[in-house]
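Start counting the sequence shown at -12; every next residue gets the next number (the numbering used here). First up is the structure itself, then whatever we jot down about it.
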Amino acid sequence: MKICIDCQKDVSGMRAVRIKEDRIIGFIRKVKTAMKIAKGNELYVCEDDLPKHLERRKSFEKTMVIFTVLAAIIVLLLLVTILLSGRIELWTVASAILIGVLLLLFSLVFKYVPAVENTEPVQVSGGLPAKKKRRKKKRGE
Ligand SMILES: [Zn+2]
């Protein structure tokens, strides 16, 4: 099915924009497939939700910047603490970095607002694959 990710409605026959299939979408899809909750939907944003979606995407991008900075600060603080304690062991350093990565991953999965391919909604074809009439190039034969 072709669904709007914001209102969960079927967008067949409506005007909508496609979601960009980026690595995070691919990752979420894989997780869902592994958990057997994937529906194999094609993801869109319908015309009505597009302005809202673009705003959410913008604020998501800002949030991600803040989260990245916060995660970096936390990792740095942990590393400094480890250094000051004088007990530099590989696993403590690794776990500090892991905490930072996990923080980022959590914020990504729960707050992710995917990008759209373009901002001009187009007519989405119905459930059947769009069969456009092939233009005969040999005209006048
Ligand atoms: Zn919608």
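In this text, a Cβ means the ideal position worked out from N, Cα and C, and glycines have one as well.
Report the residue from V4, C(-9), I86 and K26 whose alpha carbon sits nearest the alpha carbon of T55.
When each option's Cα is compared against that of T55, the closest is I86.
What would DSSP say about L90, mapped onto helix, strand or coil?
Helix, per DSSP.
Do the CB positions of V103 and S(-1) come within less than 8 angstroms of each other?
Cβ distance not < 8 angstroms, so V103 and S(-1) don't count as in contact.
Quick check on DSSP: helix, strand or coil for E76?
In the structure shown, E76 sits in coil (DSSP, three-state: anything other than H, G, I, E or B).
Are R44 and V4 closer than 8 angstroms when you measure CB to CB?
It is not a contact, given that the beta carbons lie outside the stated cut-off.
By Cβ distance, which residues of its chain are closer than 7 angstroms to K(-4), with the 5 residues on each side in sequence left out?
Counting only Cβ-Cβ distances below 7 angstroms, and skipping sequence neighbours, we find I(-10) and C33.
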